[in-house]
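A.B. asks: Questions regarding the structure given below will be posed in turn.
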Amino acid sequence: MPSTNKTPRLGLNNWVGTDKPKRTDFVEDNTLLDTAIGAHLDDTVLHLTEADRILLENEAVLDLYVGTGAEEGSFELEFEPKAILIFQQNKPPAEYNSAGYLQINSAFASRIGKSAGIRLDRRVVYLQQSQSAPAAGGYYLNLNKSYGQYFYIALR
Numbered sequence: 031m032p033s034t035n036k037t038p039r040l041g042l043n044n045w046v047g048t049d050k051p052k053r054t055d056f057v058e059d060n061t062l063l064d065t066a067i068g069a070h071l072d073d074t075v076l077h078l079t080e081a082d083r084i085l086l087e088n089e090a091v092l093d094l095y096v097g098t099g100a101e102e103g104s105f106e107l108e109f110e111p112k113a114i115l116i117f118q119q120n121k122p123p124a125e126y127n128s129a130g131y132l133q134i135n136s137a138f139a140s141r142i143g144k145s146a147g148i149r150l151d152r153r154v155v156y157l158q159q160s161q162s163a164p165a166a167g168g169y170y171l172n173l174n175k176s177y178g179q180y181f182y183i184a185l186r
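This is how it looks when you write it as structure tokens:
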């Protein structure tokens, strides 16, 4: 016989001294518990705040930027990144030129520091492109080459 009383949330048997429980009553309670606890365990985002979900689901943004050839190019992100790494497709991060200068094909910027050729101003990323070859020992910034394809990783 099922119990005289039931628990308020899951409707489990809440026997009193005069009740005569049967095996099926326990099986029904176990099924209810298994269903409720199983659903809770399967819900992997139940206990996260909305801010936590955004950070975990979108911690990094990977995208492509196409250079314009201008001395300074820029693009705007949808958020203010903690850091950004940009590099030209199919190029090493930097390469030595036979004229004696170093061509810079990648850059890094964060809220507290940056490498040559990049500037981060809140949501806007500025990239520099040298317009002429530097003297020997100098740097040729190659971060906004006309039609150059640059991949970037921006961290929230």
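The numbering used here numbers the first residue of the sequence shown as 31 and each following residue consecutively.
Built from N, CA and C at the ideal position, the CB exists for glycine as well.
Excluding the 5 residues preceding and the 5 following G168 in the sequence, name in chain order all residues of the same chain whose CB lies nearer than 8 Å to its CB.
C.D. replies: Taking the sequence shown and counting its residues from 1, one reaches residue 168 at position 138. Answer for G168: Y131 and L132, listed in chain order.
A.B. asks: What did DSSP end up calling L78 once you bin it into helix, strand or coil?
C.D. replies: By 1-based counting over the sequence shown, the position of residue 78 is 48. DSSP places L78 in coil when its eight states are reduced to three.
A.B. asks: Look up F105 in the DSSP assignment and give the residues it is bridged to.
C.D. replies: By one-based count along the sequence shown, residue 105 stands at place 75. DSSP, once it has assigned bridges, lists V155 as partnering F105.
A.B. asks: Indicate the three-state DSSP secondary structure (helix, strand or coil) for E125 in the structure shown.
C.D. replies: Working through the sequence shown from its first residue, we reach residue 125 at position 95. Residue state, collapsed to three classes: strand.
A.B. asks: Give the C-beta separation of E110 and R153 to the nearest angstrom, bearing in mind that I take them to be a contact with Cβ-Cβ under 8 Å.
C.D. replies: On the sequence shown, residue 110 is found 80 positions in, with the first residue counted as 1. On the sequence shown, residue 153 is found 123 positions in, with the first residue counted as 1. Between R153 and E110 the Cβ distance is about 5 Å, and since that is below 8 Å, they are a contact.
A.B. asks: Can you check which of these residues, P164, G103, I134 and A66, is closest to R39 by C-alpha distance?
C.D. replies: In the sequence shown, the residue the question calls residue 39 occupies position 9. Minimum Cα distance to R39 is reached at A66.
A.B. asks: Please classify K175 as buried or exposed, where buried requires at least 16 neighbouring CB atoms within 10 angstroms.
C.D. replies: In the sequence shown, counting from the first residue as 1, residue 175 sits at position 145. By the 10 Å Cβ count, K175 comes out buried.
A.B. asks: Rounded to whole angstroms, what is the Cα-Cα separation between G103 and I148?
C.D. replies: In the sequence shown, counting from the first residue as 1, residue 103 sits at position 73. In the sequence shown, counting from the first residue as 1, residue 148 sits at position 118. The straight-line gap from Cα to Cα measures roughly 10 Å.
A.B. asks: From V91, Q179 and Y170, pick the residue whose C-alpha is nearest to that of L185; which is it?
C.D. replies: In the sequence shown, the residue the question calls residue 185 occupies position 155. Nearest option by C-alpha distance: V91.
A.B. asks: Apart from the five residues just before and just after D108, which ones in its own chain have a Cβ nearer than 6 Å to its Cβ?
C.D. replies: Position 78 of the sequence shown holds residue 108. It is worth fixing the name first, because residue 108 is Glu in this sequence and not Asp. Correct list: empty, nothing qualifies.
A.B. asks: In terms of residue numbering, what span does the beta strand (DSSP E) encompassing A137 cover?
C.D. replies: Within the sequence shown, numbered from 1, the residue matching residue 137 stands at position 107. Counting along the chain, the beta strand (DSSP E) containing A137 begins and ends at S136 to S140.
A.B. asks: From the DSSP secondary-structure annotation, give me the bridge partner or partners of Y170.
C.D. replies: Taking the first residue of the sequence shown as position 1, residue 170 is located at position 140. Answer by DSSP bridge pairing, in chain order: Q133.
A.B. asks: Considering only DSSP beta bridges, list what D93 is partnered with.
C.D. replies: Numbered from its first residue, the sequence shown carries residue 93 at position 63. In the DSSP output, where bridge partners are listed per residue, D93 has Y182.
A.B. asks: For G99 and Y177, I'd like the C-alpha separation in whole angstroms.
C.D. replies: Along the sequence shown, read from residue 1 onward, the residue named residue 99 stands at position 69. Along the sequence shown, read from residue 1 onward, the residue named residue 177 stands at position 147. Their Cα atoms are separated by approximately 7 Å.
A.B. asks: Taking the alpha carbon of G47 as the point to measure from, which residue in A166, T34, F105 and I114 has its own alpha carbon closest?
C.D. replies: In the sequence shown, counting from the first residue as 1, residue 47 sits at position 17. Of A166, T34, F105 and I114, the residue nearest in Cα terms is T34.
A.B. asks: Can you name the start and end residues of the beta strand (DSSP E) that L71 belongs to?
C.D. replies: Working through the sequence shown from its first residue, we reach residue 71 at position 41. Per DSSP, L71 belongs to no beta strand (DSSP E); it is in the alpha helix (DSSP H), R53 to D72.
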